[in-house]
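FYI, in my numbering the residues of the sequence shown are 9 to 499.
For every residue, glycine included, the Cβ atom is placed at its ideal position computed from N, Cα and C.
Every value quoted in this text rests on a predicted model; they were computed, and no experiment measured them.
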Amino acid sequence: MLNLILNANDGRPLVEQLVTSVRQHLEARLLRPGARLPSIRSLAVHLAVSRFTVIEAYDRLVASGHIESRRGSGFYVAAPATPETACDRTGVLDRAVDVANLIAELHSDEARAASNANRLFAGGCLPNDWQEQSGIRRYARKVASHGVQLTDSGTKLGFPPLRDVLARRLAELGIAAAPSQILLTAGATHAFDLVIRYLVAPGDAVLVDDPGYYNLFGHLELAGARLLPVPRGCEGPDLDILASLAAKFAPKAYFTMSVLNNPTCTHMQPAISHRLLQLAAQHRFYVVEDDIFADFVENAPPRLAALDRLERTLYVGSFSKTLSSSLRVGFVAAAPDTIDAIARMKLLTAITTSEFGERLVHEMLLGGHCRKHVAHIRERLAARRTRMAGELERIGWEIYGAPEAGLFLWARHPAVENSLWTAQGARSEGLFLAAGASFRPLHEVSPWMRFNVTCSADAAVYRALGRAPELARRAAADAARHVPGSERAAA
9 MLNLILNAND GRPLVEQLVT SVRQHLEARL LRPGARLPSI RSLAVHLAVS RFTVIEAYDR
69 LVASGHIESR RGSGFYVAAP ATPETACDRT GVLDRAVDVA NLIAELHSDE ARAASNANRL
129 FAGGCLPNDW QEQSGIRRYA RKVASHGVQL TDSGTKLGFP PLRDVLARRL AELGIAAAPS
189 QILLTAGATH AFDLVIRYLV APGDAVLVDD PGYYNLFGHL ELAGARLLPV PRGCEGPDLD
249 ILASLAAKFA PKAYFTMSVL NNPTCTHMQP AISHRLLQLA AQHRFYVVED DIFADFVENA
309 PPRLAALDRL ERTLYVGSFS KTLSSSLRVG FVAAAPDTID AIARMKLLTA ITTSEFGERL
369 VHEMLLGGHC RKHVAHIRER LAARRTRMAG ELERIGWEIY GAPEAGLFLW ARHPAVENSL
429 WTAQGARSEG LFLAAGASFR PLHEVSPWMR FNVTCSADAA VYRALGRAPE LARRAAADAA
489 RHVPGSERAA A
């Protein structure tokens, strides 16, 4: 019987949990093509759910091409899809749902409890008590006292004084952008949604970092894009592979983080950045630069947008990571014609953004409070990063790239090949870990894991992490014992 655990407190429908769990077993190669799945009745009894729950889950898996139904015989693991089948719309939406499920899990009650206990290593934000609280309240009262209503809508491009300030801040990074080249958005997610709508049509190829940010992958797949993974090294992308992919598939764009790549927190070096922009001009693709962690680093290589002068680059920034995750104010900087086109899309999809939020960020930037807050955050992150890296190395883990800034460490235990099993095994210890497969565009197996350095882990946590190979073997073996047709489980 499949080793599936459904959680009534998860917040997701049981059908979604069941579909995700079965797919994880398939992606971990615990089931060979042609292996027979449990019958509807037996699986319903085993999981203590209704037959209709299992029927709907199996129907979704059949629709996505993961399993097949044989009349009078049951359900079986489907043969690997052909390239054409793998790119069909159903499969794309199914992969996007995977990302949504991961995000939902990180915002579940169980994850919040883990965060309160300093066990949420998988989180992608600063803890609540690190985020700006008193300053936001103080400046919110100031904005309200000026007669601005919470319901006030904004202008097409966004609050002009904030765009003026952003133009000056971008100039400090070497990025020359007039206020008219800056479009305010409801956070970075909204910015990427608009950029993707502008650049990508269903079936278009796009280059992405491997590893990179899973939420971006989900957005691109939802838009019907074909993801072309580019291996990301300590100094930037593998340009030989990128050039080959560009010549073969004519991608529309390359989505990347030149500074503080998520999850590795490494930077793209200038020589690679210059060559990348040459390739972009040669193959006529855009470069979308995600710089939402810009405030977490002081000294970094030049941004792509600075080197390119916003000719083929679109630059995305946000204040959600540094000030407050609930403060949804982001922006896009690009060439004038590009901003004009994206602004029209903003009008069609959201009309305007919240002027109150934009005025609030403007006041915080003008008051100097933001710079002091961010400087303090950088100091705290440096101390936590040093401590966590030292503890992980002490118990046998390897740190990727030795980052000197940022929110994350990308690490692996040399005795573990598939960190998904480590993450599953660690849940029994009350730890939420982020498996490396989530940060790979095609969800391939990875030994690496992303750690949020703000977690002030105690000795018990590091003892558990020191047993990573044992946790992984136990989780994989437990699953293998309950999955028919499986031959092995790679730790």
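Taking residue i as the reference, which of the options has the closest Cα?
i, options, result
"A279", "K256, E243, R59, T272", "E243"
"R49", "A43, R40, E64", "E64"
"G182", "P310, S77, L39, G166", "P310"
"N270", "D201, A130, I249, D137", "A130"
"G211", "A16, L230, E306, H291", "L230"
"A184", "R149, G195, A313, P46", "A313"
"I347", "L165, S77, I144", "L165"
"R171", "E180, P187, L178", "P187"
"I359", "L202, R482, A196, I75", "L202"
"H198", "R458, A254, H227", "H227"
"V469", "N426, P449, M396", "M396"
"M457", "S427, R481, D67", "S427"
"G375", "S266, R352, G444, I144", "I144"
Roughly how many whole angstroms lie between the Cα atoms of residue i and residue j?
i, j, result
"P477", "G132", "25 angstroms"
"A213", "Y222", "17 angstroms"
"D345", "I190", "11 angstroms"
"L235", "A152", "45 angstroms"
"P422", "E24", "33 angstroms"
"A175", "Y323", "12 angstroms"
"R97", "G232", "Because R97 sits at a pLDDT of 48, beneath the cut-off of 50, its placement in the model cannot be relied upon, and the following sentence gives the value as read from the coordinates. Straight-line Cα distance between these residues: approximately 7 angstroms."
"L14", "D486", "16 angstroms"
"S326", "E371", "16 angstroms"
"T361", "R367", "11 angstroms"
"G537", "L479", "Coverage of the chain is limited to positions 9 through 499, which leaves residue 537 absent and any answer about it impossible."
"R402", "H33", "32 angstroms"
"S29", "L12", "6 angstroms"
"L192", "F339", "4 angstroms"
"E363", "T163", "8 angstroms"
"S332", "Q139", "5 angstroms"
"T61", "A442", "28 angstroms"
"A209", "A465", "44 angstroms"
"T357", "L473", "45 angstroms"
"A40", "V85", "The sequence shown places Arg at residue 40, not Ala. Cα-Cα distance, rounded: 7 angstroms."
"R475", "E76", "38 angstroms"
"F200", "S47", "42 angstroms"
"V70", "T430", "29 angstroms"
"R379", "A302", "12 angstroms"
"C95", "P449", "With a pLDDT of 43 at C95, under the threshold of 50, the predicted position of this residue should be treated as unreliable, though the coordinate-derived value follows. The alpha-carbon atoms of C95 and P449 are separated by roughly 14 angstroms."
"A341", "R320", "11 angstroms"
"T272", "L417", "6 angstroms"
"L318", "R177", "15 angstroms"
In the DSSP assignment, what are the bridge partners of residue i?
i, result
"A342", "None, per the DSSP bridge assignment."
"V295", "Y262, T321"
"L188", "In the sequence as presented, Leu is not what sits at residue 188; that position holds Ser. Answer by DSSP bridge pairing: none, since S188 is not bridged."
"N460", "F416"
"T193", "G338"
"D217", "V238"
"S77", "F83"
"A443", "M457"
"I407", "A419"
"P245", "R240"
"R44", "Y84"
"S326", "G338"
For residue i and residue j, which I take to be in contact (beta-carbon distance under 8 angstroms), what is that distance rounded to the nearest angstrom?
i, j, result
"L415", "F304", "6 angstroms"
"F83", "L45", "4 angstroms"
"A3", "I407", "Any question about residue 3 goes unanswered here, given that the chain covers just 9 to 499."
"R20", "H74", "With 8 angstroms as the limit, R20 and H74 do not qualify as a contact, their Cβ atoms being about 18 angstroms apart."
"F447", "P219", "4 angstroms"
Is there a C-beta anywhere in chain B that falls below 8 angstroms from the one on residue i?
i, result
"F60", "Although the question refers to chain B, the structure presented lacks it and comprises just one protein chain."
Indicate, with yes or no, if the ligand ZN has a heavy atom lying under 7 angstroms from the CB of residue i.
i, result
"L134", "For the ligand ZN, the structure offers nothing, since it holds no ligand at all."
### Query
Is the region 230 to 248 touching the region 377 to 390, taking contact as three or more C-beta pairs under 8 angstroms?
As far as the Cβ criterion goes, the region 230 to 248 does not touch the region 377 to 390, which means the pair count is below three.
### Query
Between the region 258 to 268 and the region 293 to 301, do at least 3 Cβ pairs fall closer than 8 angstroms?
Yes, they touch.
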